[in-house]
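Chemist: Pasting a structure here, questions to come.
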Amino acid sequence: MLADLVAPNDPLLLADPRVRHHTGDLLTQIPSLMAQPWDAVFHLASAVSGECEANFDLGLHANLDTPRRLLDACRDQTTAGHAAPLFFFSSSVAVFGADPALPLPEVVRDDTLPPPQSSYGIHKFVCEQLLADYTRKGFVDGRAARLMTVSVRPG
Numbered sequence: 021m022l023a024d025l026v027a028p029n030d031p032l033l034l035a036d037p038r039v040r041h042h043t044g045d046l047l048t049q050i051p052s053l054m055a056q057p058w059d060a061v062f063h064l065a066s067a068v069s070g071e072c073e074a075n076f077d078l079g080l081h082a083n084l085d086t087p088r089r090l091l092d093a094c095r096d097q098t099t100a101g102h103a104a105p106l107f108f109f110s111s112s113v114a115v116f117g118a119d120p121a122l123p124l125p126e127v128v129r130d131d132t133l134p135p136p137q138s139s140y141g142i143h144k145f146v147c148e149q150l151l152a153d154y155t156r157k158g159f160v161d162g163r164a165a166r167l168m169t170v171s172v173r174p175g
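In case it helps, the numbering used here puts the sequence shown at residues 21 to 175.
Quick look at the structure:
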């Protein structure tokens with residue numbers, strides 16, 4: 021299942037019988053999209069940094085409310101007796117901010133505490149912590165990657 025605000029336009033992808041897609045606001049569609057148990061969820065969507073600074077509510081909606089609701093749907097799946105799904109979350113190096121007064125160490129380790137300095141960075145860091153807790157509780161098998169950048173497209 022591919023879910024995005026913008027409909028896919030790749031004819032080969034759309035012709036593949038294994039692929040289903042949903043276009044629209046993910047948050048409002050989670051109950052129907054997650055009605056069946058899933059083996060894995062790859063959550064790559066977000067409102068980007070500039071959008072979050074310009075529109076605080078959009079950032080909260082896309083970057084906190086949606087991932088939390090997805091995690092809750094996975095928790096519901098697990099507590100109903102299904103296997104805990106793999107949950108991959110695309111985080112960002114934005115969790116470390118860009119303030120020269122707070123430089124990164126030469127080696128960034130898993131226990132290096134991020135000092136986010138933007139709404140986007142804070143949202144990503146909060147979701148990393150939520151994912152860690154849902155994993156600790158056994159609701160998901162969580163993974164997060166702090167990506168340098170993701171291809172940004174209009175829409």
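From the three backbone atoms N, C-alpha and C, an ideal C-beta is built for every residue, glycine too.
Considering Cα atoms alone, identify which of 167, 50, 43 is closest to residue 89.
Modeler: Numbered from its first residue, the sequence shown carries residue 89 at position 69. It is 50.
Chemist: Taking the alpha-carbon positions, what's the residue 54 to residue 48 distance?
Modeler: In the sequence shown, residue 54 corresponds to position 34, counting from 1. In the sequence shown, residue 48 corresponds to position 28, counting from 1. If you take the alpha carbons of residue 54 and residue 48, they lie about 11 Å apart.
Chemist: What residue does the beta strand (DSSP E) around residue 106 start on, and which one ends it?
Modeler: Sequence index remark: in the sequence shown, residue 106 carries index 86 (1-based). Unbroken beta strand (DSSP E) run through residue 106: 106-112.
Chemist: Run through the segment 82-156 for me and flag every whole alpha helix (DSSP H) of 4 or more residues, listed as ranges in chain order.
Modeler: 86-99, 139-156, all fully within the segment 82-156.
Chemist: For residue 139 and residue 37, I'd like the C-alpha separation in whole angstroms.
Modeler: Sequence index remark: in the sequence shown, residue 139 carries index 119 (1-based). Sequence index remark: in the sequence shown, residue 37 carries index 17 (1-based). Those two C-alpha atoms are separated by around 39 Å.
Chemist: Between residue 28 and residue 41, how many whole angstroms is the CB-CB distance? I'm expecting something under 8 Å.
Modeler: As a working note, residue 28 is residue 8 in the sequence shown. As a working note, residue 41 is residue 21 in the sequence shown. Between residue 41 and residue 28 the Cβ distance is about 6 Å, and since that is below 8 Å, they are a contact.
Chemist: Note the first and the last residue of the continuous alpha helix (DSSP H) segment covering residue 161.
Modeler: By 1-based counting over the sequence shown, the position of residue 161 is 141. Counting along the chain, residue 161 falls outside any alpha helix (DSSP H), though it belongs to the beta strand (DSSP E) covering 161-167.
Chemist: Tell me which residues share the same chain as residue 73 and place their Cβ nearer than 7 Å to its Cβ, disregarding the 5 neighbours each side in the sequence.
Modeler: As a first step, residue 73 must be located in the sequence shown, where it is residue number 53. Cβ within range, chain order: 138, 139.
Chemist: Taking C-beta to C-beta, are residue 91 and residue 154 nearer than 9 Å?
Modeler: Looking up residue 91 in the sequence shown gives position 71. Looking up residue 154 in the sequence shown gives position 134. For residue 91 and residue 154, yes; Cβs fall inside 9 Å.
Chemist: What does a CB cutoff of less than 6 Å around residue 58 pick up in its chain, not counting 5 residues either side in sequence?
Modeler: Counting from 1 along the sequence shown, the entry for residue 58 is found at position 38. Excluding residues within five positions, the ones whose Cβ falls inside 6 Å are 105.
Chemist: Taking only three categories from DSSP, how would you classify residue 55?
Modeler: Your numbering for residue 55 matches position 35 in the sequence shown. Reduced to three states, the DSSP call for residue 55 is coil.
Chemist: Who are residue 24's beta bridge partners in DSSP?
Modeler: Start at 1 with the first residue of the sequence shown, and residue 24 comes out as number 4. DSSP, once it has assigned bridges, lists 43 as partnering residue 24.
Chemist: Short check: CB of residue 64 to CB of residue 110, under 9 Å?
Modeler: As a first step, residue 64 must be located in the sequence shown, where it is residue number 44. As a first step, residue 110 must be located in the sequence shown, where it is residue number 90. In this structure, residue 110 lies closer than 9 Å to residue 64 by Cβ.
Chemist: Any idea what DSSP makes of residue 67, helix, strand or coil?
Modeler: Indexing the sequence shown from 1 puts residue 67 at position 47. Coil, per DSSP.
Chemist: Tell whether a beta-carbon distance below 9 Å holds between residue 141 and residue 116.
Modeler: On the sequence shown, position 121 is the one that residue 141 refers to. On the sequence shown, position 96 is the one that residue 116 refers to. Yes.
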